[in-house]
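2 protein chains.
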Amino acid sequence: MVKTKPLSRVQIRNRHAILAAALEVFSQHGFRGATLDQIAKQANMSKPNLIYYFANKETVFVTLLNQHVDAWLAPLREIDQDGEPLDEILTYVRRKVQMSRDMPRESRLFANEIVQGAPRVREHLAGDLKQLFDQTSAVFARWMDEGRIARVDPDHLIYSIWATTQHYADFGAQIDILTGPDTLDGAEAFLVNLYTKMLTP
Amino acid sequence: MVKTKPLSRVQIRNRHAILAAALEVFSQHGFRGATLDQIAKQANMSKPNLIYYFANKETVFVTLLNQHVDAWLAPLREIDQDGEPLDEILTYVRRKVQMSRDMPRESRLFANEIVQGAPRVREHLAGDLKQLFDQTSAVFARWMDEGRIARVDPDHLIYSIWATTQHYADFGAQIDILTGPDTLDGAEAFLVNLYTKMLTP
DNA sequence: GTCTATACGCTGATAGAC
DNA sequence: GTCTATCAGCGTATAGAC
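Line by line, the protein sequences are chains G and Z. Residues 4 to 204 (our numbering) are what the first sequence spells out, left to right. Residues 4 to 204 (our numbering) are what the second sequence spells out, left to right.
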């Protein structure tokens, strides 16, 4: 382990302010589109002072990703392989919709990066996520083998859940125009119905 | 109507080369992330010569959007309100999957822009798309009223089709890592099954 | 129509005073 | 720890020769 100096109260507060500002700016403009000026301004801080805390732009971004990736994957980790299959999947769907409602910036932070080929999140995807994905896919496959949910391709099942739920955050600008601002209650009901019908044996 | 000089063969060829290059670059990096240097290089052209044809970066981008928006919306327009409802919807789903396979760059071009708040496509969305969306939603609602497909929220039905099908293009980088390169045959079968089960009365 | 040269603002990052 | 001043490089766009 690397030994690191403990951070002072001011340091902790400023790092938090910077990361909060960075989430706002990176999620809206992507890595390249975001500027340190914007982030510094949003954090009520001078640009050199920002750099004092994070060395460079990439470090801010990577730190931000690392900070959110665990929270981002939490609902997936919480699928209980010993639970009731349909309940577990519907609970997962509901939590993902909830995250699109409550954490749209985090969703767009990742979406921006993946649409552009995932240059800086590739390790996250190939590591943590890949392992979790394979594990979840295997659990779904077992449930299907046991006849407890209908047999479908488990990989595509996961993709479709991601796609349908994250869509409300990532493409929120489009939905705002077409349907207007929404609480996502309708979305949740629609998706629960969709996956219930698909997965009931 | 505005009277415009006819374009010479060279002009036509160069404008095509620029737009082809621009699709490649903008779809991968987004508007701000793309540079005129990249586009010019991809089009085998000097940067000033590129500007000779399009005046500025934004004009290239807007021209590119206008060029592709019709093709992009074609499958939606082709839904036949007098056809067999489930067939029409499944055909639409299949065509959208096909577009993710054959036109992933076009998909990402729009995805990039919408994730970032649709600053430059807002008019397209509020105009052409909004009208087409409302019309399609109304057709779906009528089919439900007539009991020919199951009753669900038609707006969310459209969103879920967009989300699930475009996901394979927009988040292709993630899928390549998790499942590996794919022909999308499995995706198509999965989605046909999904919407058949949901919509069969 | 196409090129070289260049202007010029913006952006990431550093130096150094306080 | 925070600031002002500043730099180097990139990126858009223009001028002007050919």
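For each residue, glycine too, the CB sits at the ideal point set by N, CA and C.
Since I believe G:PHE64 is in contact with G:ILE21 (beta carbons under 8 Å), could you give me their beta-carbon distance rounded to a whole number of angstroms? Not quite, the Cβ-Cβ distance comes to about 11 Å (not below 8 Å), so this is no contact.
Report the rounded CA-to-CA distance for G:ASP83 versus G:PHE136, giving the unit in angstroms. 14 Å
Under 8 Å Cβ to Cβ from Z:THR199, same chain only, skipping five residues before and after it: list those, please. LEU89, LEU93
Candidates G:ALA114, G:HIS170, G:ASP105, G:THR168: which alpha carbon is nearest G:PHE29's? G:ALA114
Among G:THR62, G:LEU160, G:GLU126, which one has its Cα closest to the Cα of Z:ALA192? G:LEU160
Mind checking the segment 4-35 of chain Z against chain G and listing, in chain order, the residues whose C-beta falls within less than 7 Å of any C-beta there? GLN31, HIS32, GLY33, ARG35
Proximity test, Cβ basis, 8 Å: Z:MET1 and chain G: Residue 1 of chain Z is absent from the model: chain Z starts at 4 and stops at 204.
Let me confirm a value: G:VAL13 is counted as buried when at least 16 other C-beta atoms fall within 10 Å, else exposed. Which label applies? exposed
is_contact[G:GLY86, chain Z] using C-beta, thresh 8 Å: no
Would you mind listing the beta strand (DSSP E) stretches within the segment 110-165 of chain Z that are 3+ residues and don't spill past its ends, in chain order? none
Let me check understanding here. Comparing Cα to Cα, which of G:TRP165, G:GLU109, G:LEU197 lies closest to Z:VAL155? G:LEU197
List the endpoints of the continuous alpha helix (DSSP H) containing Z:GLN101. 88-105
With a cut-off of 8 Å, does the C-beta of G:SER163 fall near any C-beta of chain Z? yes
Where G:LEU10 falls, given that 16 or more other Cβ within 10 Å makes a residue buried: exposed
Under the three-state reduction of DSSP, which class applies to Z:LEU10: helix, strand or coil? coil
Mapping the DSSP letters down to three states, classify Z:ALA20 as helix, strand or coil. helix
Minimum Cβ-Cβ distance from G:HIS71 to chain Z less than 8 Å: no
Within 10 angstroms of its Cβ, does G:PRO157 collect 16 or more other Cβ (buried), or is it exposed? buried
Find the nearest neighbour of Z:ALA24 within the set Z:VAL124, Z:THR186, Z:ASN47, judged by alpha-carbon distance. Z:ASN47
Where in the segment 21-79 of chain G do unbroken runs of the beta strand (DSSP E), each at least 3 residues long, occur, reported from the N-terminal end onward? none
Rounded to the nearest angstrom, what separates G:TRP165 and Z:TYR55 at their Cα positions? 44 Å
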